[in-house]
Structure formats: C-alpha cells, structure tokens
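Just so it is clear: in the sequence shown, position 8 is 8 by the UniProt record's numbering, and no numbers are missing.
Glycine is no exception: its CB is placed at the ideal position from the N, C-alpha and C atoms.
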Amino acid sequence: MAEILVIEDEDNIAVALDFLLTRDGHSHARLATGEGAVARIRETQPDLVLLDVMLPDVSGYQIVQDVRADPALKDVRVLMMTARGSVVERRKGLALGADGFIAKPFELDELRAEMARLLDT
C-alpha cells in the first residue's frame, strides 16, 4: 500500500487516523508539529501527506508552500485537513499547492475516498 506521513497535533485525530491507516494496510508515521516537516518529507518521500492546517509552530500552509517550492518533491501528494473548512480556506490551500482539502471532523468514508483519489494519480 501507500507510505503516508501524518502531520497532526491533535492526539484524538491522530489516533483515529492511525486506526484507519493501519486497518487499510498503509505504512505511516506521524509528526505532532510542523517543525522539521519539510525535511522529513524530503527524507522519506511519502506517497501522501495528511497535513493539518493549524499546527502549533509552523502553519500547514507554509509547509505545503515549501514542499511545492522544492522540485524534488513534485510527486508528493498533500491532503490538507482543517477544522476551518470554509471556501476561503480551501481556495488558499489549493492555491498554495495542496492536492486536496478536507474539513474536520471528516467522515472516514470521505477521507478514504479522497485518499484513494490522490493515490491513484
């Protein structure tokens, strides 16, 4: 299956994602902060990054912008997640280079479908 990096500071969401990803057979790791996220993405080249927008130190928007600025990371897919799922937030995330955007709390089926769409490209 896919190699997925979860960048999420909320433990309850990270636990739910861990359960889902494990059950679906994906290999995954988690960062609880945005610090060092771009270096970790460079190092591991995951198939997909599940990226929280609101992190305690570096915003998810900054991380996706930095990932997209690095040509070596052009194949890494980024799915942004936020509790502020407004149209403005979605537009901003996609404009900065996210491949998808999902509002929290999300339905597991919705997340699964979005992950499948991104991993198929």
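8 angstroms Cβ shell around residue i - same chain, five flanking residues per side excluded
i	result
LEU20	LEU108, LEU111, ARG112
GLN62	GLY34
Closest by C-alpha distance to residue i, when choosing among the options
i	options	result
ALA83	ALA103, ALA98, MET1, GLU89	ALA103
PRO105	ALA69, ALA16, ALA39, VAL67	ALA16
LYS92	HIS28, LEU119, VAL53	VAL53
GLU114	ILE7, ARG30, LEU50, ALA39	LEU50
LEU66	ARG117, GLN45, GLY97	Note on identity: in this sequence residue 66 is Asp, with Leu being the wrong assignment. Nearest of ARG117, GLN45, GLY97 to ASP66, Cα basis: GLY97.
Three-state secondary structure (DSSP) of residue i
i	result
THR44	helix
ARG84	coil
PHE19	helix
GLY100	strand
VAL53	coil
ALA69	coil
Residue burial classification, residue i (beta-carbon count within 10 angstroms, cutoff 16)
i	result
MET1	exposed
ALA37	buried
ARG77	buried
Proximity test, Cβ basis, 8 angstroms: residue i and chain D
i	result
ALA29	Although the question refers to chain D, the structure presented lacks it and comprises just one protein chain.
Presumed contact (8 angstroms Cβ cut-off) between residue i and residue j, rounded CB distance
i	j	result
ASP99	LEU79	6 angstroms
ALA72	ARG42	7 angstroms
LEU119	LEU48	6 angstroms
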